[in-house]
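Residues 0 to 292 (numbering that gives the first Met the number 0) make up the sequence shown, in order.
Every residue gets a Cβ at the ideal spot worked out from N, C-alpha and C, and that includes glycine.
Heads up, the thing below is written out as structure tokens.
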Amino acid sequence: MVYSWVHSFTVYRSLECRPDSYRDWYHQGNILRERGDLDGALSSYEKALEYYPDDYWAWYKRGMTLEDLGRFEEAARSYANAAGTRPDNYWAWYERGCIYLEELQEYERAIACFERALTVNPRDYWAAYRLGEAYRLLGNPEKAIGAYDRALMARPRDYWAWYRRGDAFRARGNREESLFNYRNALDAKPRDYWAWYQQGVILQELQRFPEAIACYGKALETEPDDRHAWYNLAGCHATLGNSREALDALERAIDLASDIYRESARNNPVFDGLRQEERFIALLDGDSRSEAA
0 MVYSWVHSFT
10 VYRSLECRPD
20 SYRDWYHQGN
30 ILRERGDLDG
40 ALSSYEKALE
50 YYPDDYWAWY
60 KRGMTLEDLG
70 RFEEAARSYA
80 NAAGTRPDNY
90 WAWYERGCIY
100 LEELQEYERA
110 IACFERALTV
120 NPRDYWAAYR
130 LGEAYRLLGN
140 PEKAIGAYDR
150 ALMARPRDYW
160 AWYRRGDAFR
170 ARGNREESLF
180 NYRNALDAKP
190 RDYWAWYQQG
200 VILQELQRFP
210 EAIACYGKAL
220 ETEPDDRHAW
230 YNLAGCHATL
240 GNSREALDAL
250 ERAIDLASDI
260 YRESARNNPV
270 FDGLRQEERF
280 IALLDGDSRS
290 EAA
């Protein structure tokens with residue numbers, strides 16, 4: 000802390016002597032940025048650029064500062080200027096792609112940036128993974144799968160690449176391949192809720208109800224208060240004629256979200272076999288054991 004104050008004081012005194020020093024304006028921007036004075040840092044980087052308009056680092060740090068200020072379109076332009084001074088620099092292309100992907104939802108521009116970053120660093124996991132995300136969100140699962148494959152070449156046991164690859168296959172309607180990918184995701188994170196839950200949903204769609212029940216059970220070991228898993232579990236048991244298990248799971252779902260699942264159960268034909276059960280009638284009337292307690 001003392002060092003930062005002394006350094007800052009030194010820079011300000013230097014600027015009094017040399018107000019046209021690019022280096023001092025740039026270093027002042029770095030110091031102010033470290034101190035959390037983002038507006039001051041931005042002004043300093045812009046002042047530095049008045050004297051050295053082709054400086055990569057001032058444009059790049061200006062982009063970072065604008066990003067921290069939530070001024071994302073300006074940040075993207077600043078990264079573009081940085082890339083213009085060093086076209087083969089990975090970071091400006093990558094950071095610009097992240098803004099287009101995550102903040103501006105301009106997926107085609109994000110794709111162009113990540114592909115350019117990958118020409119600089121072909122084995123980079125992050126650019127490949129985010130390229131896959133941009134293609135997936137753009138609605139192009141085939142290209143997304145190719146990008147996730149590239150990410151997995153860099154990190155063969157990466158959870159997110161396998162999981163999102165599963166999502167992409169699911170978007171294509173290839174549920175068996177999607178299951179394979181979610182299972183590989185679980186090799187990396189065995190207790191992950193989402194990979195178990197998504198398998199349960201797909202297996203339920205495929206009418207492989209015992210397997211779906213097992214997957215929902217695993218998901219609930221990690222997230223015991225997840226209303227969606229309890230409700231889907233109830234539907235699987237009801238389909239198999241497991242009345243007690245179905246009612247136990249449905250009661251739990253209604254306890255967690257009565258406004259959603261009481262009405263849903265009332266209209267869902269999967270529960271038709273339970274409609275004469277006193278306990279089912281009580282659940283729909285709002286007289287569950289938990290509410291009575």
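C-alpha of Glu-45 to C-alpha of Asp-87: approximately 23 Å in a straight line. Gly-62 sits buried, since 16 or more C-beta atoms from the chains shown fall within 10 Å of its C-beta.
Nearest Cα to Leu-255 within the set Arg-226, Thr-221, Arg-154: Arg-226. Non-local beta-carbon contacts of Thr-64 in its own chain, meaning distances under 7 Å to residues more than five positions away in sequence, involve Arg-32, Leu-37, Ala-40, Leu-41, Tyr-44 in chain order. Secondary structure of Ser-77 (DSSP, three-state): helix. Residue ranges of uninterrupted alpha helix (DSSP H) with 4 or more members, entirely inside the region 13-96 and ordered along the chain, are 21-33, 37-50, 55-67, 71-84. In this model, Arg-129 and Ala-237 are separated by some 41 Å (Cα to Cα). In this structure, the beta-carbon distance from Ala-153 to Gly-131 does not fall below 8 Å. A distance below 8 Å between beta-carbons, with the five flanking residues on each side excluded, links Ser-77 to the following residues of its chain, in chain order: Trp-58, Tyr-59, Arg-61, Gly-62, Leu-65.
The beta carbons of Phe-113 and Ile-144 sit no closer together than 8 Å.
The three-state secondary structure of Arg-149, taken from DSSP, is helix.
Of the candidates Asn-120, Ala-127, Thr-84, the residue whose Cα lies closest to the Cα of Cys-97 is Ala-127. Ala-194 and Tyr-21 have their C-alpha atoms some 52 Å from each other. In the three-state DSSP reduction, Gly-240 falls in the coil class, being neither helix nor strand. Straight-line spacing of the CA atoms in Glu-222 and Trp-229 works out to 10 Å.
Gln-275 carries a coil assignment under DSSP once its states are collapsed to helix, strand and coil. Rounded to whole angstroms, the separation of the alpha carbons of Leu-283 and Glu-210 is 28 Å. One thing to note: Trp-56 has its Cβ no nearer than 8 Å to the Cβ of Tyr-93.
Listed in chain order, the non-local C-beta contacts of Arg-190 below 6 Å within the same chain comprise Thr-221, local neighbours out to five positions each way being set aside.
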